[in-house]
Amino acid sequence: MTAGESLQVRVRDIVELAPSLKRFSFEPAHGGLFPTPPAGGHVMLTLRDGGRVMKNAYSLVSAPMERARYDIIVRLVAQSRGGSAFLHRKVAPGDVLEMARPVSLFPLASSAKKHLLIGGGIGITPLLSFLPELKARGARFELHQLSGGEEAPVFERLLAPYAAGEEIRVHGGGRAAFDLAGLLSRQPLGTHVYVCGPHALMDAVTATAAALGWPRGKIHKESFGGAGGGLPFRAVLKRSGIEVEVGETQSLLEAIEAAGIDAPCLCRGGACGECRTEVIEGEVDHRDDFLSAQEKAGGTVVLTCVSRARGPRLVLDL
Amino acid sequence: MSDQGIKSRPKYQPIAPDPQGRHHLLVVDGAHVPAEALAEGVNPSAFEVWTVAHKSAVPGSAAMEEEAGAVRVFRSVPHLFSALEERLARETMGLRLYAAGTEPFLWDAYGIGARAGLSQQEMAFAHVGAQARRIFCVHCRTVMEGVTTSIATCAGCGAPLFVRDHFSRRLAAFMAVQIDAEVPGEVPQAEELYS
Ligand code: FES
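Chains A and B are the protein sequences, given in the same order.
Going by the working numbering, the first residue of the first sequence is number 565, and it counts up by one from there.
Going by the working numbering, the first residue of the second sequence is number 88, and it counts up by one from there.
Below, the structure is given as C-alpha cells:
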C-alpha cells in the first residue's frame with residue numbers, strides 16, 4: 565500500500581475557518597517530530613466510525629519545514645461520503661488517528677520558468693502546500709483563487725502569509741467574473757499551469773490552455789476528492805471470491821475496503837494510478853485523469869477510487 | 088565502426104506547423120527556407136521566418152512584423168540568435184519554434200529555446216545542408232567545428248580522437264574520445280563520413 569508504516573497522530577486543535585471549512589492540526593501521538601514532508605505532500609487518514617473504516621486523502625497545508633505539526637483543511641460536503649462529515653462532527657482535540665506518511669503526488673515542474681496556480685474552492689489546499697516551497701526556491705509564480713463571495717475573506721486570510729510582493733488574487737465573483745483566457749494568453753514562455761478545484765474548472769483551464777497553444781506537458785490537473793456518486797452496482801471480486809454492493813454515494817474503492825479487502829490506493833482522487841485494477845467483465849465509467857484515452861477505451865482496467873460501472877455489474881481481478 | 092548504435096543522436100524531420108501552436112517562428116541559417124526543410128505541402132508563409140543573409144547589406148526591416156508570412160533577414164547567425172533570445176524573453180505561451188539548418192545551428196537554437204522555457208514538444212528541427220559535425224574532446228573540452236571524418240586530431244590536446252555518435256544537447260556537439268587509449272599509436276585510417 566503506501567510507503568512505510570503509518571503514523572499515529574493526535575488532534576492538537578481544530579479551527580473553524582468558515583461554516584463548512586475546518587483546519588485540523590495534528591501532532592505525533594508519541595511525541596517527537598513528524599518526518600519532513602515533500603512539497604505538495606498529501607496524507608491519507610484512516611477514520612474508524614464504529615465498524616466503518618474510511619480512508620480520505622488531504623493536502624498538507626503546513627510548511628514542509630514545520631515538523632511539530634501537520635495541518636489539513638477539510639470541507640464538509642453536503643452529500644459527504646462519510647470521511648469529511650466524520651472529521652467535522654465526531655473528531656475532537658486529543659483524539660488519535662492513523663495517518664499514512666505524506667507522499668507527493670503533484671510535484672512542481674523543476675524546469676518551469678513560472679508557475680501559474682489556479683484554485684477553485686477547497687482546491688486551494690494543494691496550492692497552499694506548494695507556496696512555502698515556491699517561496700523557498702524564490703520561484704516566479706502567480707496564484708488565482710476562485711470562490712463564492714462569502715468565503716473569499718477566508719481564502720484571503722489563508723493566503724495572507726504568502727502575499728507580500730506576490731501576484732496572489734482571490735476572485736470572490738467566481739468563474740463568471742474571471743478572465744481565464746486573458747490570464748492564460750499573457751503567460752510567458754516556460755510557464756506551467758496547475759489547477760485544482762471542481763471538474764468544470766479543471767476542464768475549462770485544460771481546454772482554454774490547449775486552445776491557446778499550451779503543450780499538454782505544461783498543464784497539470786489535481787483531481788480532488790471523488791467524482792461524485794452514481795447509480796449503485798455490484799462488484800464481483802474474483803480472486804477474493806466475494807461480491808460487494810457499491811452504494812450511490814460510495815466509491816468502488818470504499819465498498820471494497822468496507823468488505824475488509826486491503827486494496828491499493830494513494831491519492832483517492834483518480835490522479836496517481838495506484839488503485840489500478842484489472843477488469844474481467846463489465847463496462848467501466850472512467851472518471852479519472854490518469855489513464856490514457858486508449859486505456860480507457862480498452863476497458864480492461866479501472867481506477868477504483870473514482871470510476872464506477874456503467875452497467876449493473878463489474879467483475880474485477882481482486 | 089562508424090555507427091555504434093547509440094541512441095542520443097538527435098532525430099530530425101521535415102517541418103510542419105504544429106496545429107496546437109498559436110504562433111510559429113522558423114529560423115534558418117541561410118537566405119531562404121530550403122524546400123527540403125518543410126514537409127510536403129507546407130508553405131513557408133505558414134511561419135514567421137527569420138533568415139541569415141551572411142552579408143552586411145541587409146534590407147532594414149522597417150516595421151517588425153511578428154506574424155505568419157513576415158520575413159526578417161539578419162546579417163549573421165550570432166545576430167539572429169541574439170535577437171531570438173530577446174524575442175523569446177518577451178513571448179507568451181503558445182509559440183512554437185522551428186529551426187532548419189546544419190546541426191550546430193539547430194542545437195544552438197535548441198539551447199536558446201530550452202533556456203527560454205520551451206519544451207521539446209514546442210520545438211522541431213530539420214537538418215539541411217552540410218553534414219559536418221561539431222565535436223568536443225572529452226579529454227580537454229576543446230570544441231572543433233566542421234569535422235567530416237570519423238577520426239580527427241584534437242586541436243586542443245593533439246589526441247587522436249574517434250567521433251562517437253553520442254550527441255550532447257547541452258554542448259550541441261558530438262563527443263570525441265581518444266582512440267589509442269589502450270594501445271598508444273594504434274590509430275586506424277580516418278574515413279570521410281559526414282561530408
Ligand atoms: S488512488 Fe490514486 S488513482 Fe486511485
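Even glycine gets a Cβ: it sits at the ideal position worked out from N, Cα and C.
Being a predicted model, the structure only gives us computed values, none of them experimental.
*Below 7 Å between beta carbons is the criterion; list the residues of the region 656-689 of chain A that meet it against any residue of chain B, in chain order.*
Lys-677
*Take every Cβ of the region 823-840 of chain A, pair it with every Cβ of the region 848-855 of chain A, and state whether three or more of those distances are shorter than 8 Å.*
yes
*With DSSP collapsed to three states, give me the class of Phe-854 of chain A.*
Translated into positions along the first sequence, residue 854 of chain A becomes position 290. Coil at Phe-854 of chain A, not helix or strand.
*For Glu-842 of chain A, count neighbouring Cβ atoms within 10 angstroms of its own Cβ and tell me buried if that reaches 16, exposed if not.*
On the first sequence, residue 842 of chain A is found 278 positions in, with the first residue counted as 1. Exposed: under 16 other Cβ atoms inside 10 Å.
*asked:* For chain A, check one thing: does any of its Cβ atoms lie closer than 7 Å to the Cβ of Thr-235 of chain B?
replied: Within the second sequence, the letter at position 148 stands for residue 235 of chain B. Taking Cβ atoms only, chain A never reaches closer than 7 Å to Thr-235 of chain B, which makes this a no.
*Trp-778 of chain A in three-state terms, based on DSSP*: For the purposes of this step, residue 778 of chain A is taken as residue 214 along the first sequence, with counting starting at 1. Looking at Trp-778 of chain A - three-state DSSP - the assignment turns out to be coil, as it is neither helix nor strand.
*Would Leu-744 of chain A count as contacting chain B if we go by Cβ distances under 7 Å?*
Looking up residue 744 of chain A in the first sequence gives position 180. Not one chain B Cβ lies under 7 Å of Leu-744 of chain A.
_Segment contact, 8 Å Cβ cut-off, at least three pairs: the region 699-719 of chain A with the region 730-737 of chain A_ = yes
_With a threshold of 8 Å, are at least 3 pairs of Cβ atoms found where one atom belongs to the region 252-269 of chain B and the other to the region 219-229 of chain B?_
yes
*asked:* Going by beta-carbon coordinates alone, are Glu-662 of chain A and Ser-570 of chain A separated by less than 7 Å?
replied: Position 98 of the first sequence, counting from 1, holds the residue named residue 662 of chain A. Position 6 of the first sequence, counting from 1, holds the residue named residue 570 of chain A. Cβ distance < 7 Å, so Glu-662 of chain A and Ser-570 of chain A count as in contact.
*Any Cβ of chain E within less than 7 Å of the Cβ of Leu-753 of chain A?*
Checking the listed chains, one finds no chain E in this structure; the protein chains it contains are A and B.
*How many Å lie between Val-879 of chain A and Phe-588 of chain A at the Cα?*
Locating residue 879 of chain A in the first sequence gives position 315, counting from the first residue. Locating residue 588 of chain A in the first sequence gives position 24, counting from the first residue. Each residue's Cα considered, the two are about 38 Å apart.
*Which residues mark the beginning and the end of the beta strand (DSSP E) in which Ala-170 of chain B is found?*
For this step, residue 170 of chain B is matched to residue 83 along the second sequence. Note, Ala-170 of chain B: premise wrong, no beta strand (DSSP E); alpha helix (DSSP H) at 164-176.
*Close Cβ partners of Gly-862 of chain A (< 8 Å) along its chain, the five nearest in sequence each way excluded*: Locating residue 862 of chain A in the first sequence gives position 298, counting from the first residue. Closer than 8 Å at Cβ, skipping near neighbours: no residue.
*At which residue ranges does the region 717-792 of chain A contain complete alpha helix (DSSP H) runs of 4 or more residues, listed in the order of the chain?*
744-749, 763-775
*What three-state label does DSSP hand Tyr-296 of chain B in the structure shown?*
Lying outside 88 to 282, the shown extent of chain B, residue 296 of chain B is not represented and no answer is given.
*CB contact flag (Val-757 of chain A, Ile-783 of chain A, <7 Å)*: As a first step, residue 757 of chain A is located in the first sequence; it is residue number 193 there, counting from the start. As a first step, residue 783 of chain A is located in the first sequence; it is residue number 219 there, counting from the start. Yes.
*Just curious, the beta strand (DSSP E) that Arg-832 of chain A is in, first and last residue?*
Looking up residue 832 of chain A in the first sequence gives position 268. Unbroken run through Arg-832 of chain A: none, as it is neither H nor E.
*Cβ-Cβ distance between Leu-882 of chain A and Leu-801 of chain A below 7 Å*: On the first sequence, residue 882 of chain A is found 318 positions in, with the first residue counted as 1. On the first sequence, residue 801 of chain A is found 237 positions in, with the first residue counted as 1. A contact, by the Cβ cut-off of 7 Å.
*Kindly indicate which residue of A:Leu-581, A:Arg-872, A:Lys-586, A:Pro-725 has the alpha-carbon position closest to the one of Ala-799 of chain A.*
On the first sequence, position 235 is the one that residue 799 of chain A refers to. Closest option to Ala-799 of chain A, Cα to Cα, is A:Arg-872.
*Rank A:Gly-805, A:Phe-797, A:Leu-830 by C-alpha distance to the C-alpha of Glu-838 of chain A and give the top, closest one.*
Taking the first residue of the first sequence as 1, we reach residue 838 of chain A at position 274. Nearest option by C-alpha distance: A:Leu-830.
*Quick one: list the residues of chain A neighbouring Arg-257 of chain B, beta-carbon separation under 9 Å, in chain order.*
Along the second sequence, read from residue 1 onward, the residue named residue 257 of chain B stands at position 170. Per Cβ cutoff of 9 Å: no residues; Arg-257 of chain B is ~14 Å from chain A at best.
*Contact list for Arg-750 of chain A against chain B, beta-carbon separation under 9 Å*: Reading the first sequence from its first residue, position 186 is the one you call residue 750 of chain A. Within 9 Å Cβ-Cβ: Thr-179, Met-180.
*Rounded to whole angstroms, what's the CA-CA distance from Ile-637 of chain A to Tyr-622 of chain A? Just pull it up for me.*
Against the first sequence, residue 637 of chain A aligns to sequence position 73. Against the first sequence, residue 622 of chain A aligns to sequence position 58. Going from the Cα of Ile-637 of chain A to the Cα of Tyr-622 of chain A covers about 8 Å.
_7 Å Cβ cutoff met for Val-215 of chain B and Glu-123 of chain B_ = Locating residue 215 of chain B in the second sequence gives position 128, counting from the first residue. Locating residue 123 of chain B in the second sequence gives position 36, counting from the first residue. Taking 7 Å as the Cβ cut-off, Val-215 of chain B and Glu-123 of chain B qualify as a contacting pair.
*asked:* Closer than 8 Å between beta carbons: that is the criterion. Which residues of the region 178-208 of chain B meet it against chain A?
replied: Glu-178, Thr-179, Met-180, Gly-181, Leu-182, Arg-183, Ala-203, Gly-204, Leu-205, Ser-206, Gln-208
*Shorter than 7 Å from the beta carbon of Gln-100 of chain B to some beta carbon of chain A?*
Mapped onto the second sequence, residue 100 of chain B falls at position 13. False, the Cβ-Cβ gap to chain A never drops below 7 Å.
*asked:* For chain B, check one thing: does any of its Cβ atoms lie closer than 7 Å to the Cβ of Pro-796 of chain A?
replied: To locate residue 796 of chain A, count along the first sequence from 1; it is residue 232. With 7 Å as the cut-off, Pro-796 of chain A does not count as an interface residue toward chain B.
*Should Cys-224 of chain B be listed as close to ligand 1, given that the test is whether its C-beta is under 6 Å from any heavy atom?*
Taking the first residue of the second sequence as position 1, residue 224 of chain B is located at position 137. No, since every heavy atom of ligand 1 falls outside the 6 Å radius drawn around the Cβ of Cys-224 of chain B.
_Considering only their Cβ atoms, is the gap separating Phe-192 of chain B from Tyr-99 of chain B smaller than 7 Å?_
As a first step, residue 99 of chain B is located in the second sequence; it is residue number 12 there, counting from the start. As a first step, residue 192 of chain B is located in the second sequence; it is residue number 105 there, counting from the start. No, the Cβ-Cβ distance between Tyr-99 of chain B and Phe-192 of chain B is not below 7 Å.
*With DSSP as the reference, please indicate the residues paired to Met-663 of chain A in a beta bridge.*
Reading the first sequence from its first residue, position 99 is the one you call residue 663 of chain A. In the DSSP output, where bridge partners are listed per residue, Met-663 of chain A has A:Leu-571, A:Leu-609.
*asked:* Let me confirm a value: Ala-791 of chain A is counted as buried when at least 16 other C-beta atoms fall within 10 Å, else exposed. Which label applies?
replied: Counting from one through the first sequence, the residue named residue 791 of chain A turns up at place 227. Any answer about Ala-791 of chain A is weak, because its pLDDT of 47 lies below 50 and its placement is not dependable; what the coordinates show is given next. Label assigned to Ala-791 of chain A: buried.
_CB contact check: Leu-175 of chain B to chain A, cutoff 7 Å_ = One-based indexing of the second sequence puts residue 175 of chain B at position 88. Leu-175 of chain B counts as touching chain A.
*asked:* Three Cβ pairs or more, each shorter than 8 Å: is that satisfied between the region 108-122 of chain B and the region 177-187 of chain B?
replied: yes
*Would you report the Cα separation of Val-660 of chain A and Arg-109 of chain B, rounded to the nearest angstrom?*
As a working note, residue 660 of chain A is residue 96 in the first sequence. As a working note, residue 109 of chain B is residue 22 in the second sequence. Near 54 Å, if we compare the C-alpha coordinates of Arg-109 of chain B and Val-660 of chain A.
*Quick one: residues in its chain with C-beta nearer than 8 Å to the C-beta of Thr-600 of chain A, no 5 flanking neighbours on either side, listed in chain order?*
Within the first sequence, the letter at position 36 stands for residue 600 of chain A. Excluding sequence neighbours, Thr-600 of chain A sits near Pro-628, Met-629, Arg-631.
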